[in-house]
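Participant: These protein sequence lines are chains A and B, in that order.
Per the working numbering, the first sequence runs over residues 392 to 614.
Per the working numbering, the second sequence runs over residues 392 to 614.
A single structure is presented below for examination.
Protein chains: 2
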Amino acid sequence: MSAEAASAEQKPPRKQQQRSIVTQQKLLDAATKAFSENGFLGTSTRDIADRAGVHHPLITYHFRNKEALWRAAADRIFREFNISLVKAMADIPEMDPKARAEAFIHTYVQYAYRQPALHKIILQESSYSSERLDWLVENHLKPLYDLVIEPLESLQRLGVSPKGNPALLYNMIRVTAGGLMALALEVQGTTGFDLSDPDRRQELADMIISIFLSGEPAERSAA
Amino acid sequence: MSAEAASAEQKPPRKQQQRSIVTQQKLLDAATKAFSENGFLGTSTRDIADRAGVHHPLITYHFRNKEALWRAAADRIFREFNISLVKAMADIPEMDPKARAEAFIHTYVQYAYRQPALHKIILQESSYSSERLDWLVENHLKPLYDLVIEPLESLQRLGVSPKGNPALLYNMIRVTAGGLMALALEVQGTTGFDLSDPDRRQELADMIISIFLSGEPAERSAA
DNA sequence: CTAAATCCTTCCGGGTTGGACAAATTTTCA
DNA sequence: TGAAAATTTGTCCAACCCGGAAGGATTTAG
Numbered sequence: 392m393s394a395e396a397a398s399a400e401q402k403p404p405r406k407q408q409q410r411s412i413v414t415q416q417k418l419l420d421a422a423t424k425a426f427s428e429n430g431f432l433g434t435s436t437r438d439i440a441d442r443a444g445v446h447h448p449l450i451t452y453h454f455r456n457k458e459a460l461w462r463a464a465a466d467r468i469f470r471e472f473n474i475s476l477v478k479a480m481a482d483i484p485e486m487d488p489k490a491r492a493e494a495f496i497h498t499y500v501q502y503a504y505r506q507p508a509l510h511k512i513i514l515q516e517s518s519y520s521s522e523r524l525d526w527l528v529e530n531h532l533k534p535l536y537d538l539v540i541e542p543l544e545s546l547q548r549l550g551v552s553p554k555g556n557p558a559l560l561y562n563m564i565r566v567t568a569g570g571l572m573a574l575a576l577e578v579q580g581t582t583g584f585d586l587s588d589p590d591r592r593q594e595l596a597d598m599i600i601s602i603f604l605s606g607e608p609a610e611r612s613a614a
Numbered sequence: 392m393s394a395e396a397a398s399a400e401q402k403p404p405r406k407q408q409q410r411s412i413v414t415q416q417k418l419l420d421a422a423t424k425a426f427s428e429n430g431f432l433g434t435s436t437r438d439i440a441d442r443a444g445v446h447h448p449l450i451t452y453h454f455r456n457k458e459a460l461w462r463a464a465a466d467r468i469f470r471e472f473n474i475s476l477v478k479a480m481a482d483i484p485e486m487d488p489k490a491r492a493e494a495f496i497h498t499y500v501q502y503a504y505r506q507p508a509l510h511k512i513i514l515q516e517s518s519y520s521s522e523r524l525d526w527l528v529e530n531h532l533k534p535l536y537d538l539v540i541e542p543l544e545s546l547q548r549l550g551v552s553p554k555g556n557p558a559l560l561y562n563m564i565r566v567t568a569g570g571l572m573a574l575a576l577e578v579q580g581t582t583g584f585d586l587s588d589p590d591r592r593q594e595l596a597d598m599i600i601s602i603f604l605s606g607e608p609a610e611r612s613a614a
């Protein structure tokens, strides 16, 4: 809880106050929601400040400007997601790639529900090319892909995962696990399937696993 | 080519002029792109008019207001998609549900590429509940779902499609076929997979089929 | 208690918002 | 061909919102 929250530059002689951290979080939360709903261009800094219940000049104070705020918000989402992944992987032995893949999918489904912005922001930025999309790809999406693609290929060789282009396979998994969460409202309306129900999310995760990892889930099958 | 283009109410004593149809189309095209990029709130009518290369008061003239324009644009997308589906299904005998499912997937992939707004608009409107989302569900999404869900269940019973909640299965297919197109830019950047290449789309469709319809594609395997 | 960190208030110039309306232009049809 | 209808244009509006700057008030750390 010392100085680290993205605004420190050198060595601040004073430590960051608690309330400052709180408002930064509130702003990041609000920015995340707003940006994922209306995209970067469609979102105004004032809207963000309003959602956060904070005066809008605080954005300029804590983050340099709108662009930097977007970056900070996106950064946090993907960092947190990575942390969740690392945490989930920690227990599982490296020589059990199938179990690791299952953990990956469970984590993905859970995180994407808690934080649907994970996909919505990608979606928003995929509408047209922008420096933000490039930044997202370079700093978060590509690194994760590079990390995951090799184990996935080995799962294909083992006959656990379906054959075919691994990049496609990766994206299909990603989109069924996370992309569906971005559609939760519509899915609920159209099919009645309620993704806000934990059991239903478990069902989804299990189904993804059973489809993309052939056998049934290793231990936590609960449908 | 008589009166039918969404603004006719009773029996107009004069027929609609050709140029009027053209500007309506231009406006609908522009609106579709703009709304799918920036959502309803994030889009201004002036932006739409600019994209269409048309003076903005024409929006008020041809469509009543922003809301009605959104509705007309969404309506056209989903109608056209339905037409594509019907056309694709026409050839295929009703007693070959697997072939029909394959045609469904091919059509979905192709249409979602040509018109990624098909998914982007749903995505945009799924961010928060709105009358527009309700309208979308009631008038387009639910009807399609109701039409497709029963054959899909029978495919599951036949052992062609993987077991599990059919609503989930439907959405997984939908999202891998269409949702990926909304991410085309990002997929290209992250994995190098180029969805603008027809062969690649064919590869995707074939892979979806091989995963969700067990066997290999009936006749048009070309990967 | 004092100086730094944080927050609040106010202001800015300007751009944009959705929509209204009358005048100009083009097209249809008698 | 000419008059009426359909369509387009140009302009106006009143309001509101835009991102950001600046300085004074308040809270907090040390």
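Here a beta-carbon is modelled for each residue, glycine too, at the ideal position from N, C-alpha and C.
Which residues in chain B sit within 8 Å of residue 561 of chain A, going by Cβ to Cβ distance?
Facilitator: Within chain B, the residues near residue 561 of chain A are 582.
Participant: Please list the residues of the region 528-543 of chain B that have a C-beta atom closer than 7 Å to any C-beta atom in chain A, keeping them in chain order.
Facilitator: Listed in sequence order: 528, 532, 533 and 536.
Participant: So what's residue 455 of chain A in DSSP terms, helix, strand or just coil?
Facilitator: Residue 455 of chain A: coil per DSSP, three-state reduction.
Participant: Whole angstroms is fine: what's the gap from residue 397 of chain B's alpha carbon to residue 428 of chain B's?
Facilitator: Low confidence applies to residue 397 of chain B: its pLDDT is 35, below 50, so where it sits in the model is not reliable enough to give any reading.
Participant: I'd like the span of the alpha helix (DSSP H) that includes residue 529 of chain A, first residue to last.
Facilitator: First-last for residue 529 of chain A: undefined, no H or E at that position.
Participant: In chain B, what lies closer than 9 Å to residue 499 of chain A by C-beta?
Facilitator: Those within 9 Å of residue 499 of chain A in chain B number zero; the least Cβ separation is about 14 Å.
Participant: What in chain B is Cβ-close to residue 598 of chain A, meaning under 8 Å?
Facilitator: Simply 553, 555, 556, 559, 560 and 563.
Participant: Applying the 10 Å Cβ sphere with the 16-neighbour rule, what's the burial state of residue 607 of chain B?
Facilitator: In this predicted model, residue 607 of chain B has a pLDDT of only 44, less than 50, meaning its place in the structure is not dependable; the value taken from the coordinates is given anyway. The residue in question, residue 607 of chain B, is exposed, as its Cβ has fewer than 16 Cβ neighbours within 10 Å.
Participant: DSSP three-state label for residue 510 of chain A, please.
Facilitator: Residue 510 of chain A falls in the helix class under three-state DSSP.
Participant: Express the C-alpha separation of residue 578 of chain A and residue 597 of chain A in angstroms, rounding to a whole number.
Facilitator: Approximately 18 Å between the Cα atoms of the pair.
Participant: Taking residue 497 of chain A as part of the alpha helix (DSSP H), name the residues at either end of that continuous run.
Facilitator: Note, residue 497 of chain A: alpha helix (DSSP H), 488-505.
Participant: Give a yes or no on contact between the region 511-523 of chain B and the region 561-576 of chain A, applying the rule of three or more CB pairs nearer than 8 Å.
Facilitator: Short answer: they touch.
Participant: CA-CA distance, residue 477 of chain B and residue 504 of chain B?
Facilitator: If you take the alpha carbons of residue 477 of chain B and residue 504 of chain B, they lie about 18 Å apart.
Participant: Considering only C-alpha positions, which residue in the set A:489, A:452, A:451 and A:501 is nearest to residue 475 of chain A?
Facilitator: That would be A:501, whose Cα lies nearest to the Cα of residue 475 of chain A.
Participant: Return the CA-CA distance between residue 611 of chain B and residue 481 of chain B, expressed in angstroms with no decimal places.
Facilitator: Residue placement at residue 611 of chain B is poorly supported in this model, since its pLDDT is 43, which falls under 50; the coordinates are not used for a value here.
Participant: For residue 421 of chain A and residue 410 of chain A, I'd like the C-alpha separation in whole angstroms.
Facilitator: Computed Cα separation, rounded: 16 Å.
Participant: If we call anything under 9 Å between Cβ atoms a contact, is residue 465 of chain A one with residue 523 of chain A?
Facilitator: Result yes, Cβ atoms of residue 465 of chain A and residue 523 of chain A sit closer than 9 Å.
Participant: What whole-angstrom Cβ distance do residue 468 of chain A and residue 494 of chain A have, given they're in contact under 8 Å?
Facilitator: Actually they do not touch by this definition, with Cβ atoms about 20 Å apart.
Participant: Anything in chain B within Cβ reach of residue 567 of chain A, meaning under 7 Å, just list it in chain order.
Facilitator: Simply 563, 566 and 567.
Participant: For residue 513 of chain A, go through chain B and note every residue whose CB falls closer than 7 Å to its CB, in chain order.
Facilitator: Result: 574 and 577.
Participant: So with CB distances below 8 Å, who are the chain B contacts of residue 519 of chain A?
Facilitator: Going along chain B in sequence order, the residues near residue 519 of chain A (Cβ under 8 Å) are 428 and 576.
Participant: At least one CB of chain B closer than 9 Å to the CB of residue 419 of chain A: is that the case?
Facilitator: Not an interface residue.
Participant: Taking the CB atoms as reference points, tell me whether residue 567 of chain B and residue 566 of chain A lie closer together than 9 Å.
Facilitator: A contact, by the Cβ cut-off of 9 Å.
Participant: For the region 529-544 of chain A against the region 450-460 of chain A, are there 3 or more C-beta pairs whose distance is under 8 Å?
Facilitator: Touching, no.
Participant: Please tell me whether residue 476 of chain A has its Cβ less than 9 Å away from any Cβ of chain B.
Facilitator: So no, residue 476 of chain A is outside the interface.
Participant: How is residue 483 of chain A classed by DSSP in three states: helix, strand or coil?
Facilitator: Note: residue 483 of chain A maps to coil in three-state DSSP.
Participant: Considering just the uninterrupted stretch of the alpha helix (DSSP H) at residue 562 of chain A, what are its terminal residues?
Facilitator: 557-565 is the extent of the alpha helix (DSSP H) around residue 562 of chain A.
Participant: Do residue 559 of chain A and residue 552 of chain A have their beta-carbon atoms positioned less than 9 Å apart in this structure?
Facilitator: In this structure, residue 559 of chain A does not lie closer than 9 Å to residue 552 of chain A by Cβ.
Participant: Who are the neighbours of residue 595 of chain A on chain B, taking C-beta pairs under 7 Å?
Facilitator: Neighbours of residue 595 of chain A on chain B, chain order: 559.
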